[in-house]
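Residue numbers -23 to -1, 1 to 349, in mature numbering (1 follows the signal peptide of the UniProt record, and there is no 0), belong to the letters of the sequence shown in order.
Glycine residues also receive a C-beta, built at the ideal position from the N, C-alpha and C atoms.
Keep in mind it's a predicted model, so treat the numbers as computed, not measured.
Input: a single structure, listed below in structure tokens.
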Amino acid sequence: MMKKSVIAALVAVAALAFIGCNAKKAAPAASAEKPAVTVRLLTDATGIDDKSFNAAAWRGILEFYGDTWENQSQKGKAYDVVTAQTQDLYIPNLKQASDEKYDLIVVTGFTWSDALGEVAPKYPDQKYMIVDVDWVNAPNVMQVTFSEHEGSYLVGVAAALKAKADGIKNPKFGFIGGIPGPVITKFEVGYVQGIKSVLPDAQIVDYYANDWGKPELAKAQAKNWYDSGVYAIFSAAGGTGNGTIAQAKEYRSQGKNVWAIGVDSDQHDDGLYAEGKSAVLTSMLKRVETATKYGLDAVKNGTFTGNVVVLDIKAGGVGFSTKNAELGADIVNQVEAVRSKIVAGEIKVAATYAEAKQIPGFPANLQAKDSQ
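Spelled out as structure tokens, the structure:
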């Protein structure tokens, strides 16, 4: 049984203080100034331009090396990225990166778990890191998970408080997921619990696109829901969720009072439709960049182990964005008070649908799944 660590805020901060191309890309070249650590990021088809999950993982790598999105000076020397357009490339991409002997290979998302579980035992000296998975039993794999339900609770509270402040009667709220499974379920059930804590009678609708990279599906569903009176939609669907933001931008530019809620990264700027105005009310911040920096720092300092690291709300692994001025100071303060109660253990947020359904008034007809 692997050791399971919950990284407290001070530990996380201290650990971080140290600081697509195609599958045929060569490993970083050896030189007299060889980087202390080399890393390859492997992503699914949505790549690092998904403005969400993969983008955050890549941003953490850039920050570790002191680079920025605009100035990736050490790309091809210390770090690079390979995007798999289809899942049948997962194993070949893992094997190639392993053969090229990167100090760390990072994969993002549970869709990589089977491939990594097959490849990792064949390269026992290779260090791997997977984000959003805790069931790959290999001593050379660091697994990082997040308490998404806690951060999602916060954005649910924020959306409900905003609806209340706007005087919305009988408000409806939507959730759009990518591929159903226990990770995305944490987003949905946390969000719904947050809404229901403020508006117990609020109506909830949900939809799963079964894809991470089809924004047109989310846009069509968002249009349908907004037209039927849904006030805010939270999407945890990778690039697919960008369609929700696109539709919210379109409608808010027409004067309609609807909102999108971003995920993983702060998607405020993706929602800009007029100077200073964004259709993204808030975003559930899942700090994947913290995870990639943590893994790289562990390799650099010789502390890498194949354990499970949990970045919860107390560790700063999840949170909510406050960039949109329309959220207002009063709502921000109320949400911050809720965050403090979660940290203190005064509010317990259910992480599974089975748990959440035990809460009086929690919807029993959602499409959330607690297993793959």
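Check: From Gly144, Gly171, Lys54, Ile222, pick the residue whose C-alpha is nearest to that of Ile153; which is it?
Finding: Ile222
Margin query: Quick check on the DSSP output: what are the complete beta strand (DSSP E) runs of length 3 or more inside the region 274 to 341, in order along the chain?
Written below: 285 to 288, 295 to 297
Next item on the list: Please say whether Val235 and Ala225 have beta carbons closer to each other than 8 angstroms?
Entry: yes
Next item on the list: Measure the alpha-carbon distance for Val(-18) versus Asp246 and round it to whole angstroms.
Entry: At Val(-18) the pLDDT is 45, less than 50, meaning the model places this residue with poor confidence and gives no usable figure here.
Next item on the list: Measure the C-alpha to C-alpha separation of Ala314 and Ile336 and round it to an integer number of angstroms.
Entry: 22 angstroms
Notebook entry, point to check: Exposed or buried, what is Asp241 when buried is set at 16 or more other beta-carbons lying within 10 Å of its beta-carbon?
Noted result: buried
Next item on the list: Measure the beta-carbon distance from Lys270 to Gly37 and round it to whole angstroms, keeping in mind my assumption that it falls under 8 angstroms.
Entry: 5 angstroms
Next item on the list: Could you give the DSSP three-state label for Tyr168: helix, strand or coil?
Entry: helix
Notebook entry, point to check: Could you give the C-beta distance for Val96 and Ser124, rounded to a whole number, given that I count them as a contact under 8 angstroms?
Noted result: Actually they do not touch by this definition, with Cβ atoms about 28 angstroms apart.
Checklist line | From Tyr330, Gly133, Asn219, Val16, residue whose alpha carbon lies closest to that of Lys52 | finding: Val16
Next item on the list: Label Gln170 either buried or exposed according to how many other C-beta atoms from any shown protein chain fall within 10 Å of its C-beta, with 16 as the threshold for buried.
Entry: buried
Check: Beta carbon of Ala179, beta carbon of Ala209: below 8 angstroms?
Finding: no
Checklist line | Inter-residue spacing [alpha-carbon to alpha-carbon] between Val83 and Thr280 | finding: 16 angstroms
Notebook entry, point to check: CB Asn70 to CB Leu19, shorter than 8 angstroms?
Noted result: yes
Check: Helix, strand or coil for Ile25 per DSSP?
Finding: helix
Notebook entry, point to check: Taking the DSSP output, what are the residues bridged to Thr259?
Noted result: Ile238
Next item on the list: Mind the definition here: the region 314 to 331 touches the region 160 to 170 only if three or more C-beta pairs lie below 8 angstroms; say whether that holds.
Entry: yes
Next item on the list: To the nearest angstrom, report how far apart Asn310 and Lys263 are at their CA atoms.
Entry: 20 angstroms
Note to self: Please state whether the Cβ-Cβ distance between residue 354 and Ala331 is less than 8 angstroms.
What the structure shows: There is no way to answer for residue 354, as the model of the chain reaches only from -23 to 349.
Item checked: Inter-residue Cα distance where the pair is Trp189 and Lys318 -> 33 angstroms
Notebook entry, point to check: In angstroms, rounded to a whole number, what distance separates the CA positions of Leu288 and Ser212?
Noted result: 21 angstroms
Notebook entry, point to check: Across which residues does DSSP place Gln180 in a beta bridge pair?
Noted result: Lys149
Check: Quick check: the region 138 to 148 against the region 91 to 111, are there 3 or more CB pairs under 8 angstroms?
Finding: no
Checklist line | Residues that Tyr105 bridges to, as DSSP identifies them | finding: Ile82, Val118
Note to self: Between which two residues does the beta strand (DSSP E) holding Lys210 run?
What the structure shows: First, the residue type needs correcting, since residue 210 is Ile and not Lys in the sequence shown. Per DSSP, Ile210 belongs to the beta strand (DSSP E) from 207 to 213.
Notebook entry, point to check: Excluding five sequence neighbours on each side, which residues of the same chain lie with their C-beta closer than 6 angstroms to the C-beta of Ser90?
Noted result: Val110, Val113
Check: Can you tell me whether Asn301 is buried or exposed, with buried defined as 16 or more other CB within 10 angstroms of its CB?
Finding: buried
Checklist line | the region 56 to 71 in contact with the region 290 to 299 per 3-pair CB rule at 8 angstroms | finding: no
Notebook entry, point to check: Near Tyr79, what residues of its chain come up, given a Cβ to Cβ distance below 7 angstroms and the 5 sequence neighbours on each side ignored?
Noted result: Ala4, Thr15, Val16, Arg17
Note to self: Mapping the DSSP letters down to three states, classify Thr15 as helix, strand or coil.
What the structure shows: coil
Checklist line | Inter-residue Cα distance where the pair is Asp21 and Gly151 | finding: 26 angstroms
Note to self: Out of Tyr228, Thr45, Lys163, Ser29, which one is the CA nearest neighbour of Gly206?
What the structure shows: Tyr228
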